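Q: In full-length UniProt numbering, the protein residues as written are 1 to 805. All C-beta atoms in this analysis are idealised placements derived from N, C-alpha and C, irrespective of residue type, glycine included. Predicted, not measured: the structure shown is a model, and the values here were computed from it.
1) Can you tell me where the beta strand (DSSP E) holding residue 123 begins and where it ends?
2) Assuming the contact rule is C-beta atoms closer than 8 Å, residue 608 and residue 560 should be a hit. Round their C-beta distance to whole Å, please.
3) Who are the Cβ neighbours of residue 665 in its own chain at under 6 Å, not counting the five residues just before and after it?
4) Helix or strand or just coil, what does DSSP make of residue 646?
5) Tell me whether residue 356 sits in a helix, a strand or coil according to DSSP, three-state version.
6) Please report the Cβ distance between residue 686 and residue 700, rounded to the nearest whole angstrom; I am assuming they are in contact, meaning their Cβ atoms lie under 8 Å.
7) Sort 59, 9, 299 by Cα distance to residue 627 and report the nearest one.
8) For residue 238, which residues does DSSP report across the bridge?
9) Out of curiosity, what's the CA-to-CA distance linking residue 220 and residue 467?
10) On a CA-only basis, which of 540, 633, 793, 73 is nearest residue 807? Give me that one, please.
11) With 16 other CB atoms within 10 Å as the buried threshold, where does residue 702 fall?
12) Look at the Cβ atom of residue 31, then the Cβ atom of residue 274, and state whether they are nearer than 9 Å.
13) Considering only the beta carbon of each residue, do residue 571 and residue 602 sit closer than 9 Å?
14) For residue 742, which of 190, 290, 786 has the nearest alpha-carbon?
15) Measuring CB to CB, does residue 428 end up less than 9 Å from residue 406?
16) In angstroms with no decimal places, state the Cα-to-Cα distance between residue 495 and residue 557.
17) Counting only runs of 4+ residues fully inside the stretch 547 to 611, write out the alpha helix (DSSP H) ranges in chain order.
18) Smallest Cα separation from residue 734: which of 336, 173, 7, 267?
19) To the nearest whole angstrom, what separates the beta carbons of residue 342 and residue 313, a pair I think is in contact under 8 Å?
20) Spell out the partners DSSP gives residue 303 in its beta bridges.
21) Thinking just about the alpha-carbon of each residue, which of 582, 442, 530 is nearest to the one in residue 487?
22) Pull up the distance between the alpha-carbon of residue 24 and that of residue 59, whole angstroms please.
23) Taking the Cβ atom as the reference point for each residue, do residue 430 and residue 469 lie within a distance shorter than 9 Å?
24) Would you say residue 753 faces chain B, with C-beta separation under 9 Å as the test?
25) Whose CA, out of 129, 636, 138, lies closest to the CA of residue 121?
26) Starting from the Cα of residue 285, find the closest Cα among 775, 153, 542, 577 and give me that residue.
27) So, at 7 Å on beta carbons, what are the nonlocal neighbours of residue 708 in its own chain, with the 5 sequence-adjacent residues on each side left out?
28) In or out: residue 409 buried (at least 16 other Cβ within 10 Å) or exposed?
29) Can you tell me whether residue 296 is buried or exposed? The criterion is at least 16 other CB atoms within 10 Å of its CB, across all chains shown.
30) Does the beta-carbon distance from residue 616 to residue 564 come in below 9 Å?
31) What residue does the alpha helix (DSSP H) around residue 81 start on, and which one ends it?
32) State buried or exposed for residue 806, treating a residue as buried only when at least 16 other CB atoms are found within 10 Å of its CB.
33) Buried or exposed, going by whether 16 or more other CB atoms sit within 10 Å of the CB of residue 768?
34) From which residue to which residue does the beta strand (DSSP E) around residue 717 run?
35) Determine the DSSP secondary structure at residue 773, reduced to helix, strand or coil.
36) Rank 745, 776, 789 by C-alpha distance to the C-alpha of residue 797 and give the top, closest one.
Rendered as structure tokens:
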């Protein structure tokens with residue numbers, strides 16, 4: 001939200017109070033906190049303190065390398081809750097200290113004296129006097145600062161807003177505010193250095209670098225071609241080595257080098273502002289600290305890494321239809337791991353009632369028999385679609401209504417709408433009994449033979465309603481999705497155990513990363529839709545989320561172009577989770593080959609949709625020893641499976657701006673093809689790289705751009721030097737012993753660990769001998785096979801040692 005009119009003036013109807021002076025500094029060496037009285041004018045004598053607004057600012061450290069700032073204007077006003085933070089016991093940590101220069105009379109001396117709070121390598125320093133200045137420093141350099149006229153309280157006069165009406169039933173207003181009774185906002189600007197670049201904010205479909213953008217943290221069901229997001233996260237990081245979490249569950253409005261080109265401004269409704277500065281200095285270290293503070297993803301079940309098939313949004317799930325797709329994949333030697341039932345497994349007008357439509361499934365006994373067939377005979381895992389909206393014709397609505405589990409209007413009536421499902425109500429997850437009830441419904445599905453739940457929606461949360469726990473209205477719009485997904489995830493985890501639960505969620509907020517997996521929402525079936533999805537994935541995985549997926553081929557569109565579908569397959573299979581899903585057209589590959597044939601397109605051998613899907617599915621299964629190890633990193637360190645070039649190469653200025661390619665773990669670079677022609681341009685950072693498909697080597701001291709043309713059966717896939725890629729050629733399932741009979745592709749001197757589902761592991765290492773040969777060893781003396789690069793001679797080890805030439 002913008003409050004100013006250019007550099008000097010305020011917008012009409014906006015009144016401002018700014019922090020002008022740090023008038024009193026109160027270091028508390030016992031609590032390891034600093035309290036600051038910031039006045040809204042320079043105090044020349046005590047008479048100036050009358051009729052004068054102030055800000056009470058407190059600096060503290062919830063964890064090493066993290067400094068928290070809380071500013072209040074009126075402490076008795078509505079308090080908008082923050083996120084649950086995993087605070088460390090830092091009070092006795094010798095690396096957290098408070099230092100005061102000047103005397104110790106509680107005011108830290110005369111003007112020019114300062115107080116410093118240090119946590120790890122990060123320090124916050126405030127200088128007594130005017131102008132107001134709060135700076136954050138590390139390793140002797142300033143990271144960012146809040147200077148004069150940056151900490152503020154804005155009040156909107158009546159009639160000041162463009163419109164107080166929301167955009168749609170659930171949206172923010174036209175002036176960028178999420179209106180409540182309050183017309184007051186607390187705001188701060190944090191300085192940006194020259195060339196400093198900003199990333200994050202959750203799943204954003206625009207450019208990966210966020211400089212120049214206005215961003216509202218307000219979850220919306222807006223599709224992928226809009227400025228709205230399903231997973232809005234009030235966290236960002238910059239190329240200067242720090243991240244910022246705004247600790248507010250509600251609406252947060254950002255101006256990222258936009259209203260003030262020299263700063264990131266963020267504002268929240270109400271009289272208080274709470275945020276954390278998180279030091280890295282590398283992007284991975286920032287994410288490690290951020291996810292330690294807000295929660296880390298758990299590991300996901302091994303089967304979930306395989307190919308998921310969901311026929312379409314409108315499928316009638318009779319056994320013949322389902323079998324035709326499942327059997328059709330098997331007949332074409334395309335391994336499937338999961339089959340998903342989307343909306344219409346329930347009867348229309350009755351979503352969500354948790355009941356299989358008897359017209360297609362028969363009795364519940366017949367349902368269980370059908371699911372047993374998929375799980376047993378076909379070897380598949382089953383996922384079903386749910387959402388928290390209960391249509392009034394469904395049995396769940398009636399039950400929830402009787403028990404008082406639905407969100408209500410201020411007048412006491414149940415809130416309902418016809419938008420999506422006729423007369424639908426919304427489950428109130430702030431009601432613990434309602435959560436337990438919803439969880440019991442999910443567990444009943446699991447008992448029938450369901451393995452995973454797709455938790456759709458969660459963004460269409462009304463604003464003018466009353467919550468059972470008394471939560472402020474605006475605090476629930478984004479937080480609702482966390483309570484919803486957490487409820488379902490708990491049901492899965494309590495049924496299948498830790499590390500065996502898998503969601504497929506669309507909406508999220510801070511903490512949502514703890515309930516994987518998330519997918520990218522309703523994308524267009526175009527190359528633009530594909531590129532939007534990648535940008536969103538890069539932003540989301542730069543915001544603490546370890547696992548991410550998307551609809552291969554795109555969701556929207558009458559019949560996606562077969563070329564788009566095939567290009568998307570390579571992108572979709574080289575990621576943590578891979579799902580075929582669409583709107584009105586089934587996403588099974590042979591239909592796209594039939595479309596090509598109908599249009600007179602003749603595919604060369606290996607270029608049909610069936611061939612391409614088979615090849616990249618088998619490639620992913622072959623790479624499972626590598627991928628499974630990657631999947632342990634989000635839980636261990638907060639490092640995502642798919643990561644931006646910036647995350648992996650933060651010192652490379654070119655890598656910082658790239659959003660059409662990514663790293664699949666630390667070793668594999670992927671550059672999806674976004675063109676009909678197969679032309680692609682991408683960047684290889686400095687070093688030696690080997691092409692996975694051809695064995696070609698590319699070396700550069702400073703990085704190099706490449707232009708290539710690719711058929712459908714290849715994609716730029718490069719291996720970074722200093723890597724060992726453990727593989728299992730011929731694998732047809734994601735579930736097997738990864739370290740047994742492993743084939744190691746060795747690229748220079750490296751180390752790699754191969755873990756198993758039971759927690760055991762083996763380490764492999766390579767070193768170059770004096771005679772130029774490469775020696776590869778296993779940590780436990782087990783046998784393996786290895787080769788140099790992708791096309792070297794395969795050599796079997798003897799007692800866990802192999803020498804490659």
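A: Quick answer:
1) Residue 123 sits at position 123 when you count from the first residue of the chain shown. Its beta strand (DSSP E) spans residues 122 to 127.
2) Residue numbering aside, residue 608 sits at position 608 when the chain shown is read from its first letter. Residue numbering aside, residue 560 sits at position 560 when the chain shown is read from its first letter. About 15 Å separates the two Cβ atoms, so there is no contact after all.
3) As a first step, residue 665 is located in the chain shown; it is residue number 665 there, counting from the start. Excluding positions up to five away in sequence, the list reads 630.
4) Translated into the one-based positions of the chain shown, residue 646 becomes position 646. Reduced to three states, the DSSP call for residue 646 is helix.
5) What you label residue 356 is simply residue 356 of the chain shown in a count that begins at 1. Residue 356 falls in the coil class under three-state DSSP.
6) The residue you call residue 686 lines up with position 686 of the chain shown. The residue you call residue 700 lines up with position 700 of the chain shown. The Cβ separation is near 6 Å, so the contact holds.
7) What you label residue 627 is simply residue 627 of the chain shown in a count that begins at 1. Of the candidates 59, 9, 299, the one whose C-alpha sits nearest the C-alpha of residue 627 is 299.
8) Residue 238 sits at position 238 when you count from the first residue of the chain shown. Its beta-bridge partners are 198.
9) Taking the chain shown and counting its residues from 1, one reaches residue 220 at position 220. Taking the chain shown and counting its residues from 1, one reaches residue 467 at position 467. Each residue's alpha carbon lies about 20 Å from the other.
10) As shown, the chain starts at 1 and ends at 805. That puts residue 807 outside it, with no answer to give.
11) As a first step, residue 702 must be located in the chain shown, where it is residue number 702. So residue 702 counts as exposed.
12) Counting from one through the chain shown, the residue named residue 31 turns up at place 31. Counting from one through the chain shown, the residue named residue 274 turns up at place 274. No; because the gap between Cβ atoms is not below 9 Å, this pair is not in contact.
13) Reading the chain shown from its first residue, position 571 is the one you call residue 571. Reading the chain shown from its first residue, position 602 is the one you call residue 602. Not closer than 9 Å, so no.
14) On the chain shown, position 742 is the one that residue 742 refers to. Closest option to residue 742, Cα to Cα, is 786.
15) The residue you call residue 428 lines up with position 428 of the chain shown. The residue you call residue 406 lines up with position 406 of the chain shown. In contact: residue 428 and residue 406 (Cβ atoms closer than 9 Å).
16) Position 495 of the chain shown, counted from the start, is the residue given in the question as residue 495. Position 557 of the chain shown, counted from the start, is the residue given in the question as residue 557. Each residue's alpha carbon lies about 37 Å from the other.
17) 562 to 573, 589 to 598
18) As a working note, residue 734 is residue 734 in the chain shown. Nearest option by C-alpha distance: 336.
19) Locating residue 342 in the chain shown gives position 342, where the first residue counts as 1. Locating residue 313 in the chain shown gives position 313, where the first residue counts as 1. At roughly 6 Å, the Cβ-Cβ gap stays under 8 Å, so residue 342 and residue 313 are in contact.
20) Numbered from 1 along the chain shown, position 303 holds the residue referred to as residue 303. Answer is none; residue 303 lacks a bridge partner.
21) Within the chain shown, numbered from 1, the residue matching residue 487 stands at position 487. Out of 582, 442, 530, 442 has the C-alpha closest to the C-alpha of residue 487.
22) On the chain shown, position 24 is the one that residue 24 refers to. On the chain shown, position 59 is the one that residue 59 refers to. For residue 24 and residue 59, the distance between alpha carbons rounds to 13 Å.
23) Numbered from 1 along the chain shown, position 430 holds the residue referred to as residue 430. Numbered from 1 along the chain shown, position 469 holds the residue referred to as residue 469. Yes. Within cutoff.
24) No chain B appears in the structure shown, which is made up of a single protein chain.
25) The sequence position of residue 121 within the chain shown is 121, counting from 1. Considering only alpha carbons, the answer is 138.
26) Translated into positions along the chain shown, residue 285 becomes position 285. Comparing Cα-Cα distances from residue 285 to each of 775, 153, 542, 577, the minimum goes to 542.
27) The residue you call residue 708 lines up with position 708 of the chain shown. So the list reads 680, 716, once near-sequence residues are dropped.
28) As a working note, residue 409 is residue 409 in the chain shown. Residue 409 counts as exposed, since fewer than 16 other C-beta atoms from the protein chains shown sit within 10 angstroms of its C-beta.
29) As a working note, residue 296 is residue 296 in the chain shown. Looking at its Cβ environment, which holds 16 or more other Cβ atoms inside 10 Å, residue 296 is buried.
30) Locating residue 616 in the chain shown gives position 616, where the first residue counts as 1. Locating residue 564 in the chain shown gives position 564, where the first residue counts as 1. Not closer than 9 Å, so no.
31) Counting from 1 along the chain shown, the entry for residue 81 is found at position 81. Where residue 81 is concerned, there is no enclosing alpha helix (DSSP H), given that its DSSP letter is neither H nor E.
32) Residue 806 falls outside the range modelled here, since the chain spans only 1 to 805, and no answer is possible.
33) Against the chain shown, residue 768 aligns to sequence position 768. In the assembly as shown, residue 768 is an exposed residue. Its beta-carbon has fewer than 16 other beta-carbons within 10 Å.
34) Within the chain shown, residue 717 is the residue found at index 717, counting from 1. Its beta strand (DSSP E) spans residues 717 to 720.
35) Counting from 1 along the chain shown, the entry for residue 773 is found at position 773. The answer is coil: DSSP assigns residue 773 none of H, G, I, E or B.
36) Counted from its first residue, the chain shown places residue 797 at position 797. Cα-wise, what sits closest to residue 797 is 776.
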